Amino acid sequence: MIESPSSPLAPLAGAHVRAVHDAFHGDLLEVSMGPHHPSTHGVFRMMVTLDGETVVKLKPVFGYLHRNHEKLGENTTYLGSMPYTDRLDYFCSMTNNWAYALAVEKLAGQAVPDRAEYLRVILAELTRLLNHTCLAGFLLQDAGASGTPLMYAFREREKILDLFESLSGSRMMCNYQRFGGCRVDPTPAWFDAARRVTEEYPRFLDEYEALITGNEILMARTQGVGRLSAALAVSAGITGPMLRACGVDYDLRKAEPYGFYSRFEFRVPLGDHGDTYDRYMIRILEMRESVKILQQALRDIPAGPIFDSKAKIRAFRPKAGEAYGRIEGPKGEIGFYLISDGTGNPYRYRIRPPSFVNLTVLEDMCLGHTIADAVIILGSIDIVLGEVDR
Amino acid sequence: MTAPAPLTDSFLERVPLLVRDFITGWFPEPIRWVVAGLLAALTILLVFATIFALLTLLERKIIARVQNRPGPNRTGLPWLPFTEGRVFGLGQPLADGIKALTKEDIVPRDADQVLHFLAPVVLVAFSLMTFAVIPFGRNLVSVDLDAAVLFFFAAGAGTELAVFMAGWSSHNKYSLLAAMRALAQLISYELPLLLSVVPVVMLAGKLSTTGIVAAQAGWKFGFIPRWFVLSPWGAAGFVIFFIAALAESNRSPFDLPEAESELIAGHLTEYSGFKYALFFMAEYFGMMALSGLGVTLFLGGWQAPLPVLEVIPSYLWFGAKLMLLILLFMWIRATLPRLRMDQLTRLAWKFLVPLALINLGNAAFWHLSAAWPGLPLQAVRYAIGVAVIVIPFFLIGRRLSAGVAPRTYRYAP
Amino acid sequence: MLGSGIIQGLAVTAKNLVGSFHDPARFTTTQYPEERTKLPENYRNFPFLVADAANDPIGSLRCVACQICEKECPPQCIYIEKSKDKKPDAAGKQQFFPAVFDIDTSVCMSCQICVEVCPFDAIKMDQVFEIATPERFNALLLDRGQLAKPNTYYQQIHPTEAAEVDARLAADRKAGEEKAKAAAAAAAAKAAAAKAAPAAPASTAPSAPKSPAVPGTEAPKPPTTA
Amino acid sequence: MTFAFAFLAVLMVASAGVAMLLRNLIHSALLLVLSWAGVAAFYLWAGAQFVAFAQLLVYVGAISMVVLFAVLLTRRSAGSVADVEPATFARAAAGLLAAGLVGGVLGATMLRSHFPTATGEAPKISVHDIGVDLMGPQVAALLVVGVILTVSLIGAVVIAATDPAATDKEDKP
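Residue numbers (our numbering), protein chains in the order written: chain A, 565 to 954; chain B, -6 to 406; chain C, 1326 to 1551; chain D, 1128 to 1300.
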């Protein structure tokens, strides 16, 4: 690809745009979308090469939000990393906490009381609800729906955030799970509120689907757009709703039940096309299953302690060894890999962020589609830059 | 617009004309027509600029309410008594205006200075010109042209040029892409827009807007108005007109030139301050003008919907209908996601244009069968009129939405 | 039918438009500075130092400058300088106190780990959130004077938690007093018996270990091992 | 009235002339549009409302877009300056010759033509009359024009359409 001064778009050449010439495609336009762009979900940048409006090359550029998370984790105590995990995927602090707590508990051989396990399931499924709701809203926002679906999504998310706030003290940075249980025991009033939210959620989902799922414009925009084959998804390590939208039956809650997931009855929805519409619909269907899990968990939760009495808060020094803890986060498999050398800080602290891994197939999905499609394909991957860049 | 008000009208009906005659009376006879014309232009400018200001607020309020938010409600008019400085955010347009005026006007260094400046001016000028031929009331039309409908579209054509000028002169990739999109969109939708208007012109037998309103006068059975929208071809034509008008005025779901998730602010990306406000204003003017034309062509213009309601002056009826259409614009904007460029043009060429052409034949049938005697035959005429447009709608619609359908999902075993 | 989904969507938005005027479940906005939602009891934002006496907050801090929170704080926003001398705490024991206790709230992320690790119930989470300031440099660096707030304030913002803490501290104090009394009696007996110089048991005995892991709204506090 | 005529004439000629002189093709195209608008204004001045608005609609609204698109999509030059080779004597001579020939033919035709002087008021022709005229006596001409335009349109579509294999590939997502 060489720069060609004789391109018709050459007069536009400047800092942001370069007219490039390609022997096969003729005159192409290279556009830098982001890092400051309304639809890149934060500071993400796509170097898009366009033939007309068709994407012929897309290079994701990220790292603008890099905060040295893993190195920080190696230099703080095990507990000290917990509030930082809130800030990975700031929509899903509860599941991030759980994944990290799970890894440390594995490392230290720490038991967790039953009530805490139930609480973790409840909070993780609430997180899934709020994450998928918001994703549906953002996806529609990218498709140009002047904010209405997003506002409805935020209205419902608010109710879940209120639950989180009254439990953990903070709406998004919950910092709630501890190695060996949870931090605060919910009051009966909290459970009543959680039951109310759970009961009302299907009604909201019905309304939301009436608003948008059957909408011809949305179907035309998303069906057949950004198709991802099951083979590519598996070999690229895609997880979560994005993988299940391709028809691959892989859900850690079923495949490797952690916590008490084996005690609950729920189904795993699968898509057949692997396109943007499937990715959207799988999330909607997953929310309905999450509601079912929540109902069961809120019904069955036992009384008892929420924190293992043998667990330590201060001077927590797990014996030397390594552990990998992973859970099915709303965005996919989130895992923490820890190596302990017996001191108070982990020797190695590594995260498997679902957003980041899922983002790797962006170019494969966007090729041949228009730039408008690239925006909603990006939206359907469901990334949070805090997790991508860490 | 120099004819005196007929004395048969009610006083309220005659008020605008009386005021006009009072003011022109100060001037000598030979230049009275000039004064009257200027007065009309000034009135349109003031009235519609005010409506524009209020509409910006109303639109934000309505979209906010749809989204379960209160919308702008802080900015009040501090000097108003008993309101604690807040009246539903009524001061918002004023604040916006002051902000736009005082903001630095940034012109990119590499921009084409002349065209960059001219674009908003040309746009506002052309969109204002379209108001000249719309009859706002019984005797309220600034220029009663013989070829008024043609004039409307001719003036509207200028706006495309302005959009192109804005996009090209900004020297910005997003602006240029948006300008190309805007042109493709405007040209595509000009066709269904015109084709949906042709039946009206055909049945009214006139290109003059006042003539078309007059053709919709009177009542069937004494209470059903003879508005074109109430006939099968008129209803279909109105829907096509409305969809095309949405696209022509760059409104959601056809707001591709300003698709912020793709093109930042489209051709407005490099505009700031008052020039941006002018673009904004022109967009609302365009929307109001197209709504006004829709009211004139299909909704009976300034005519009251029932004979008893004729005591209310005609210009209020026009205003009410205009508002109704604009509310519809806003409602749609608050609901729908936007189409993709190829889908947009496909909708125009493969759906709206064929339907508009069929509707043309439908209108011809309606015209020729007007004299069918008896109620049963009239009912048959209605049924045929509906069938002729509904059946192609289903057929073409199915073709258009082929491969796009709700799906069912399976669950893991 | 083409367009049915769009019409369905329009119906939903119309329902919301009307609903926002009469249905509080739809219209959830509160007008912030005038209307305020009640903060949940567990709400946390920025730590403060608990002082036992309302009239002399700095003099009656529970903090003994043990510097555990300084070490555990993940973003390291706490800075403590231990006093050279000791003074009696609320229970009358001789303790060190923080000569300097600064929290940089522009760095603090309100994770409340300092609260969890504090063995003395001396630092708790506040509920202030309106601390925005146009001052760029020192306004957000709070010193112990700004951080010290009386126990009554704590009881007011976190009633359940404060009641538990108070009960625990009272029990501790009682146990401590009894122990001290017993120790004093023993020492007196010893002194009487051996005529040895008595050591001050109150100043050397560390604070009594607390009852561990009471499931409740308060985070569990295992015994100090540091 | 003479003043209006003079103004419009100067506007038309000047914008057309400047359009030829400018190096920036977009500017030239826009000035050309101005010139066409001047023609429309001229029609209006002459009392031909229908023709004037049709001129505006077709030329300012549609043809101008075609010209602008053509300029944007086909220009092969760097910068905004038209890609013109340096002027040589031969070029100038050829240009002058061509201009002279065209001018000569046009001038000769104009000189030979007999323009009858208008007498009295221009006839008032309403849009309705034009419609009746077009659909009545002139319908053959109208149809022929329509057929020619349709044929050219179909031809354009045929030329523009790519081969089926390529289209198929594009259709597949």
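All C-beta atoms, glycine included, are put in the ideal place defined by N, C-alpha and C. A quick note: this is a predicted structure, and the numbers were derived from the prediction, not measured.
Local Cβ density within 10 Å of residue i, reported as buried at 16 or more and exposed below that
i, result
"Gly1470(C)", "exposed"
"Ala1525(C)", "With a pLDDT of 44 at Ala1525(C), under the threshold of 50, the predicted position of this residue should be treated as unreliable, though the coordinate-derived value follows. Ala1525(C) is exposed by the Cβ-count criterion."
"Asp653(A)", "buried"
"Met1237(D)", "exposed"
"Glu22(B)", "exposed"
"Gly354(B)", "exposed"
"Thr1552(C)", "Nothing in the structure corresponds to residue 1552(C), since chain C is present only between 1326 and 1551."
"Ser1240(D)", "exposed"
"Ile325(B)", "buried"
"Ser799(A)", "exposed"
"Thr1542(C)", "With a pLDDT of 39 at Thr1542(C), under the threshold of 50, the predicted position of this residue should be treated as unreliable, and no value is reported."
"Gly18(B)", "exposed"
"Asn661(A)", "buried"
"Leu1233(D)", "exposed"
"Gly1206(D)", "Confidence in Gly1206(D) is poor, its pLDDT being 46 and thus under 50, which makes the residue's placement unreliable; the coordinate value appears in the next sentence. Answer is exposed; the Cβ neighbour count stays below 16."
Within chain A, the residues that residue i reaches when beta carbons sit closer than 8 Å
i, result
"Met334(B)", "Glu617, Thr934 and Ala936"
Residues bridged to residue i [DSSP beta-bridge criterion]
i, result
"Arg67(B)", "Answer by DSSP bridge pairing: none, since Arg67(B) is not bridged."
"Ile1405(C)", "Phe1426(C)"
"Gly18(B)", "None; Gly18(B) has no bridge partner."
"Leu902(A)", "Ala887(A) and Tyr913(A)"
"Ala1473(C)", "Leu1374(C)"
"Glu892(A)", "Glu897(A)"
"Gln1420(C)", "Lys1412(C)"
"Gln741(A)", "Cys746(A)"
"Ile217(B)", "Lys213(B)"
"Gln1452(C)", "Asn1370(C)"
"Leu1467(C)", "Ile1428(C)"
"Leu622(A)", "Val612(A)"
Interface partners of residue i on chain A, CB under 9 Å
i, result
"Val1442(C)", "Leu643, Ile877 and Arg878"
Contacts of residue i in chain C (Cβ-Cβ under 7 Å)
i, result
"Gly211(B)", "Here the premise fails: no neighbours, minimum Cβ distance about 32 Å."
"Asn352(B)", "Neighbours of Asn352(B) on chain C: none; closest Cβ ~16 Å, over 7 Å."
Contact list for residue i against chain A, beta-carbon separation under 7 Å
i, result
"Gly1330(C)", "Gly778, Asn779 and Glu780"
Interface residues of chain D facing residue i [CB-CB closer than 7 Å]
i, result
"Leu200(B)", "Val1254"
Proximal residues of chain C, C-beta to C-beta of residue i below 8 Å
i, result
"Tyr648(A)", "Pro1399"
"Ala774(A)", "Gln1333, Gly1334, Ala1336 and Val1337"
"Ile382(B)", "Ordered by position in chain C, no residue passes the 8 Å Cβ test against Ile382(B), which lies about 14 Å from the chain."
Any C-beta of chain E under 8 Å from that of residue i
i, result
"Ser730(A)", "Judged by its chain identifiers, the structure shown contains no chain E, and its protein chains are A, B, C and D."
Proximity winner among the options, relative to residue i (alpha-carbon distances)
i, options, result
"Trp905(A)", "Phe880(A), Leu926(A), Ile898(A) and Gly896(A)", "The sequence shown places Asp at residue 905(A), not Trp. The option with the nearest alpha carbon to Asp905(A) is Phe880(A)."
"Tyr1404(C)", "Tyr1479(C), Gln1481(C), Pro1413(C) and Gln1392(C)", "Gln1392(C)"
"Arg400(B)", "Asn779(A), Ser734(A) and Val685(A)", "Asn779(A)"
"Gly838(A)", "Glu853(A), Ala794(A), Ile903(A) and Phe702(A)", "Ala794(A)"
Under 8 Å from the C-beta of residue i: neighbouring residues of chain D
i, result
"Ala150(B)", "Leu1183, Leu1184, Val1187, Gly1188 and Ala1189"
Listed by chain order, chain B residues near residue i by CB distance under 8 Å
i, result
"Asp726(A)", "The premise fails here: Asp726(A) is roughly 16 Å from chain B at the closest Cβ pair, so nothing lies under 8 Å."
Near the ligand FMN: residue i beta-carbon under 7 Å from a heavy atom
i, result
"Val619(A)", "What this structure holds is no ligand at all, so the ligand FMN is not there to describe."
- Message: Measuring CB atoms only, is the stretch 839 to 859 of chain A touching the stretch 881 to 889 of chain A, in the sense that at least three cross pairs come out at less than 8 Å?
- Response: Flag = no, the stretch 839 to 859 of chain A and the stretch 881 to 889 of chain A do not touch.
- Query: For the stretch 283 to 298 of chain B against the stretch 216 to 232 of chain B, are there 3 or more C-beta pairs whose distance is under 8 Å?
  - Reply: The stretch 283 to 298 of chain B, when compared against the stretch 216 to 232 of chain B, does touch it at the 8 Å Cβ threshold.
- Item | Segment contact flag, the stretch 942 to 953 of chain A with the stretch 912 to 925 of chain A, C-beta cutoff 8 Å, min 3 pairs | Taking one beta carbon from each stretch, the stretch 942 to 953 of chain A and the stretch 912 to 925 of chain A have 3 or more pairs nearer than 8 Å; the two touch.
- Query: Quick one: any contact between the stretch 177 to 192 of chain B and the stretch 1217 to 1225 of chain D, if contact means 3 or more CB pairs under 8 Å?
  - Reply: Taking 8 Å as the limit for Cβ pairs, the verdict is that the stretch 1217 to 1225 of chain D does not touch the stretch 177 to 192 of chain B.
- Message: Closer than 8 Å is the cut-off here; do at least three beta carbon pairs connect the stretch 60 to 67 of chain B with the stretch 167 to 181 of chain B?
- Response: In short, these stretches do not touch, since the Cβ pair count stays below three.
- Can at least three beta-carbon pairs, one atom from the stretch 729 to 741 of chain A and one from the stretch 698 to 718 of chain A, be found at a separation below 8 Å? At 8 Å Cβ cutoff, the stretches do not touch.
- Query: Does the stretch 1360 to 1378 of chain C touch the stretch 801 to 819 of chain A, meaning 3 or more C-beta pairs lie closer than 8 Å?
  - Reply: Judged by Cβ distances under 8 Å, the stretch 801 to 819 of chain A makes no contact with the stretch 1360 to 1378 of chain C, as fewer than three pairs qualify.
- Query: So does the stretch 1177 to 1196 of chain D actually touch the stretch 151 to 160 of chain B, counting three or more Cβ pairs closer than 8 Å?
  - Reply: The answer is yes - the stretch 151 to 160 of chain B touches the stretch 1177 to 1196 of chain D, with three or more Cβ pairs under 8 Å.
- Message: Check whether the stretch 110 to 119 of chain B and the stretch 259 to 274 of chain B are in contact - that is, three or more C-beta pairs closer than 8 Å.
- Response: The stretch 110 to 119 of chain B vs the stretch 259 to 274 of chain B: in contact.
- Query: Pairing CB atoms from the stretch 818 to 834 of chain A with CB atoms from the stretch 865 to 876 of chain A, are three or more of them under 8 Å?
  - Reply: Three or more beta-carbon pairs separated by less than 8 Å are not found between the stretch 818 to 834 of chain A and the stretch 865 to 876 of chain A, which leaves the two stretches without contact.
- Query: Do the stretch 368 to 376 of chain B and the stretch 202 to 216 of chain B meet, that is, are 3 or more Cβ pairs less than 8 Å apart?
  - Reply: In short, these stretches do not touch, since the Cβ pair count stays below three.
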